[in-house]
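One structure is given below, encoded as structure tokens.
Residue numbers (the working numbering), protein chains in the order written: chain A, 33 to 241; chain B, 33 to 241.
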């Protein structure tokens, strides 16, 4: 396998942490998003959607987003399970992963990409150009506050986002919280449950990646 | 089990089709979104996120979104597999399901909720109120066009969205195409592959639900 990565970007970081938690090592190719390498001709053949992460299998087939890559790796190497084992565990993890992605990652993306100079004309990831919408950046900032409240409330009665075990939902939540730092949002002081959780997941070796 | 549904709404329809394709029957409670029943006190205890679908298990625990419910049902009753069986199949289905949801369902939601009178002050699903952003409605319409192009391109070389077998990605794509009709967008004449696929999946008994 071969992993197309970009060290500073949040989405491939989710997969890097996932791989590390599985105890796997996969050769990596760095794609320079800051130099817009994903929009060049060479990368178009790797992923026409112009995004990382991408996982290339040994037969040359490629999986072009986080959801697909994590489903593959979980199925390829079951333990430690990051998507759950029992029906209820799988349900809770999928439910929470969806919330962490749509309420966390996407809120930050909305806030960042609709106001940062570097994303002018590219307010959405992918091949098509979209202009920034300033009101959407504002909405994103408000959504991050709500996300932090939700995260704190979720973690009031459990050690990890989806229950008793570390899962992909913790990875997406951790990456979302760090990504929110890009728009200067941090877990508030009063979010004591979320802060306790953050300290614990951020202390795992995989979080250094 | 008990299923909280809303007949006209697109998200619970995804789950209704999923249940039917599994050959299961689950008692249903209709929630009247048009009368804002989801914002009433009674529903707050069912799902504080104020959305349907919700699946209630026999022990009273509840799963509060499509991703969680489908993961549960797939794990509870494996066949017919709608999330895939082999690692590669699971990867392709998760990859495509993510695209159908983020590029299809969410684009239509963006177009509809940011301009329809009935969604004023509720431009996002959930408990928090958000004002409409007219530019976002416009962006949503453009994204639907791109989605239809992508769908046509995906289906040029395969019978179903994720490959040789019907999967959850076909369900989400079918519901997205029908949902796009709410903002008067239909698969264009030249999208011959997507139209052939649509005829085939729309002819399944589950599509009547």
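Cβ atoms here follow ideal geometry from the backbone N, Cα and C, with glycine treated the same way.
Rounded to whole angstroms, what's the CA-CA distance from residue 209(B) to residue 226(B)? Just pull it up for me. For the purposes of this step, residue 209(B) is taken as residue 177 along the second chain, with counting starting at 1. For the purposes of this step, residue 226(B) is taken as residue 194 along the second chain, with counting starting at 1. About 10 angstroms.
Grouping DSSP H, G and I as helix and E and B as strand, with all else coil, what is residue 75(B)? As a position in the second chain, residue 75(B) is number 43, starting the count at 1. Helix at residue 75(B).
Assess contact between the stretch 180-196 of chain B and the stretch 210-223 of chain B, defined as three or more Cβ pairs (one per stretch) separated by less than 8 angstroms. Is contact present? yes
Tell me the DSSP secondary structure of residue 53(B) in three-state form. Here the question's residue 53(B) lines up with position 21 in the second chain. If DSSP states are grouped into helix, strand and coil, residue 53(B) belongs with the helices.
Helix, strand or coil for residue 116(A)? Go by DSSP, reduced to three states. One-based indexing of the first chain puts residue 116(A) at position 84. Residue 116(A): coil per DSSP, three-state reduction.
Would you tell me roughly how many angstroms separate the C-alpha atoms of residue 137(B) and residue 102(B), rounded to the nearest one? Reading the second chain from its first residue, position 105 is the one you call residue 137(B). Reading the second chain from its first residue, position 70 is the one you call residue 102(B). For residue 137(B) and residue 102(B), the distance between alpha carbons rounds to 16 angstroms.
I think residue 62(B) touches residue 76(B), with their Cβ atoms under 8 angstroms apart; what is that distance to the nearest whole Å? Taking the first residue of the second chain as 1, we reach residue 62(B) at position 30. Taking the first residue of the second chain as 1, we reach residue 76(B) at position 44. The Cβ separation is near 18 angstroms, so there is no contact.
Within 8 angstroms, do at least three Cβ pairs link the stretch 69-83 of chain A to the stretch 48-60 of chain A? no
Please tell me whether residue 94(A) and residue 105(A) are closer than 8 angstroms, where the distance is taken between their beta carbons. What you label residue 94(A) is simply residue 62 of the first chain in a count that begins at 1. What you label residue 105(A) is simply residue 73 of the first chain in a count that begins at 1. The answer is no: Cβ separation not under 8 angstroms.
Close beta carbons around residue 49(A), own chain, < 8 angstroms, minus the five adjacent residues each side: For the purposes of this step, residue 49(A) is identified with residue 17 of the first chain, where counting begins at 1. Counting only Cβ-Cβ distances below 8 angstroms, and skipping sequence neighbours, we find 203, 206, 207, 238, 239 and 241.
From the beta carbon of residue 119(A), is the nearest beta carbon of chain B less than 8 angstroms away? Reading the first chain from its first residue, position 87 is the one you call residue 119(A). Closer than 8 angstroms to some Cβ of chain B, the Cβ of residue 119(A) qualifies, so yes.
Secondary structure at residue 156(A), three-state DSSP: helix, strand or coil? Taking the first residue of the first chain as position 1, residue 156(A) is located at position 124. Correct three-state label for residue 156(A): coil.
Return the Cβ separation of residue 163(A) and residue 165(B) in integer angstroms, given the expectation that the two are a contact with Cβ distance under 8 angstroms. On the first chain, position 131 is the one that residue 163(A) refers to. On the second chain, position 133 is the one that residue 165(B) refers to. Between residue 165(B) and residue 163(A) the Cβ distance is about 13 angstroms, and since that is not below 8 angstroms, they are no contact.
State the Cα-Cα distance for the pair residue 127(A) and residue 121(A), rounded to the nearest angstrom. Residue numbering aside, residue 127(A) sits at position 95 when the first chain is read from its first letter. Residue numbering aside, residue 121(A) sits at position 89 when the first chain is read from its first letter. Straight-line Cα distance between these residues: approximately 10 angstroms.
For chain A, is any of its Cβ atoms less than 8 angstroms away from the one on residue 200(B)? Numbered from 1 along the second chain, position 168 holds the residue referred to as residue 200(B). No - not a single Cβ of chain A is within 8 angstroms of the one on residue 200(B).
Leaving aside the five residues before and after residue 161(A) along the sequence, list all residues of the same chain whose C-beta is less than 8 angstroms from its C-beta, in chain order. Translated into the one-based positions of the first chain, residue 161(A) becomes position 129. For residue 161(A), where only same-chain residues beyond five positions count, the Cβ hits under 8 angstroms are 153 and 154.
Contact set between residue 162(B) and chain A, taken where Cβ atoms lie within less than 9 angstroms: Here residue 162(B) is taken as the residue at index 130 of the second chain, counted from 1. Near residue 162(B) (Cβ distances below 9 angstroms), the residues of chain A are 171, 174 and 175.
Would you say residue 104(A) lies against chain B (beta-carbon separation less than 8 angstroms)? Numbered from its first residue, the first chain carries residue 104(A) at position 72. Yes, residue 104(A) counts as interfacial toward chain B.
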